[in-house]
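A short worksheet on the structure shown next.
Protein chains in written order, with our numbering: chain A, 20 to 131; chain B, 6 to 116.
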């Protein structure tokens, strides 16, 4: 089945220790999104890629970076995680012209 | 005014009843509207999309859109305990690829 996969599902990191979250998809969608969702809040868009074109949200902290080496994979790098970065990180995909977004299972990040 | 507003609930309905979830949005340019279901600790799952005024039915789910009133709703017929979740309304932002989410309404279906 075509799907969006995120690894790891759970990640524990120490304060200030860099961490990378990964997302892959078999849907062949050209648009990939990264969201941050904290408890009882709506998903918050961090950035997205149209193909290789990177689009950062204005309020996304510089601490968050992203890479998309090919159509199928996208990475979220948190350079120096703080306690406030503990959240569920969601990857989603869509196709240009189609506005429906499909989410992966998410990565739950804990910062100690 | 928030761009997409939902009553956070919880909305509690008995099993077998109709659950009605409501959402209003502020941008008249929006043309695409979505309902996502999110179980606790899980990721959002797309359950309905609607683009035209009127009703769209899919199984026990009916989405209703009224662009003049800037209002979109989701009806769940014959509610089941397994429908207990948070329902997120999402609106396409100015017909870009980005979605604006409401805060979500928590639905509790009691056996």
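Glycine residues also receive a C-beta, built at the ideal position from the N, C-alpha and C atoms. Nothing here was measured: the structure is a model prediction, and the numbers come from that model.
Beta-bridge partners of residue i, as assigned by DSSP
i, result
"residue 62 of chain B", "B/67"
"residue 117 of chain B", "No statement about residue 117 of chain B is possible, as the shown extent of chain B runs from 6 to 116 and does not include it."
"residue 53 of chain B", "B/40"
"residue 115 of chain B", "B/19"
Distance between residue j and residue i (C-alpha atoms, nearest Å)
i, j, result
"residue 16 of chain B", "residue 92 of chain B", "11 Å"
"residue 115 of chain B", "residue 11 of chain B", "21 Å"
"residue 3 of chain B", "residue 83 of chain A", "A question about residue 3 of chain B goes unanswered here, because the residues of chain B that appear run from 6 up to 116."
"residue 75 of chain A", "residue 55 of chain A", "13 Å"
"residue 94 of chain A", "residue 53 of chain B", "28 Å"
"residue 29 of chain B", "residue 109 of chain A", "24 Å"
"residue 47 of chain A", "residue 91 of chain A", "7 Å"
"residue 66 of chain A", "residue 130 of chain A", "21 Å"
"residue 38 of chain A", "residue 7 of chain B", "33 Å"
"residue 71 of chain A", "residue 43 of chain A", "15 Å"
"residue 13 of chain B", "residue 88 of chain B", "16 Å"
"residue 111 of chain A", "residue 124 of chain A", "9 Å"
"residue 60 of chain B", "residue 37 of chain B", "14 Å"
"residue 40 of chain B", "residue 32 of chain B", "17 Å"
"residue 126 of chain A", "residue 86 of chain B", "26 Å"
"residue 69 of chain A", "residue 115 of chain A", "8 Å"
"residue 22 of chain A", "residue 45 of chain A", "5 Å"
"residue 28 of chain A", "residue 69 of chain B", "35 Å"
DSSP three-state assignment for residue i, whether helix, strand or coil
i, result
"residue 93 of chain B", "strand"
"residue 19 of chain B", "strand"
"residue 98 of chain B", "helix"
"residue 41 of chain A", "strand"
"residue 13 of chain B", "coil"
"residue 155 of chain A", "Given a span of 20 to 131 for chain A in the structure shown, any question on residue 155 of chain A remains unanswerable."
"residue 87 of chain B", "helix"
"residue 121 of chain A", "strand"
"residue 29 of chain A", "strand"
"residue 106 of chain B", "strand"
"residue 34 of chain B", "coil"
"residue 72 of chain B", "coil"
"residue 11 of chain A", "Because chain A in this structure spans residues 20 to 131, residue 11 of chain A falls outside the shown range and cannot be described."
Proximity test, residue i beta-carbon vs the ligand PLP heavy atom, cut-off 7 Å
i, result
"residue 111 of chain B", "Ligands in the displayed structure: none, and consequently the ligand PLP is not present."
Notebook entry, point to check: Using 8 Å as the threshold, is the region 104-121 of chain A in touch with the region 72-82 of chain B, meaning 3 or more CB pairs across them?
Noted result: Judged by Cβ distances under 8 Å, the region 104-121 of chain A makes no contact with the region 72-82 of chain B, as fewer than three pairs qualify.
Notebook entry, point to check: Can you list, in chain order, the stretches of the beta strand (DSSP E) that have 3 or more residues and sit fully within the region 45-106 of chain A?
Noted result: Taken in chain order, the complete beta strand (DSSP E) segments of 3 or more residues contained in the region 45-106 of chain A are 50-56, 63-69, 72-75, 83-86 and 92-97.
Next item on the list: Examine the Cβ distances between the region 94-106 of chain B and the region 116-130 of chain A and report whether three or more of them are shorter than 8 Å.
Entry: Flag = yes, the region 94-106 of chain B and the region 116-130 of chain A touch.
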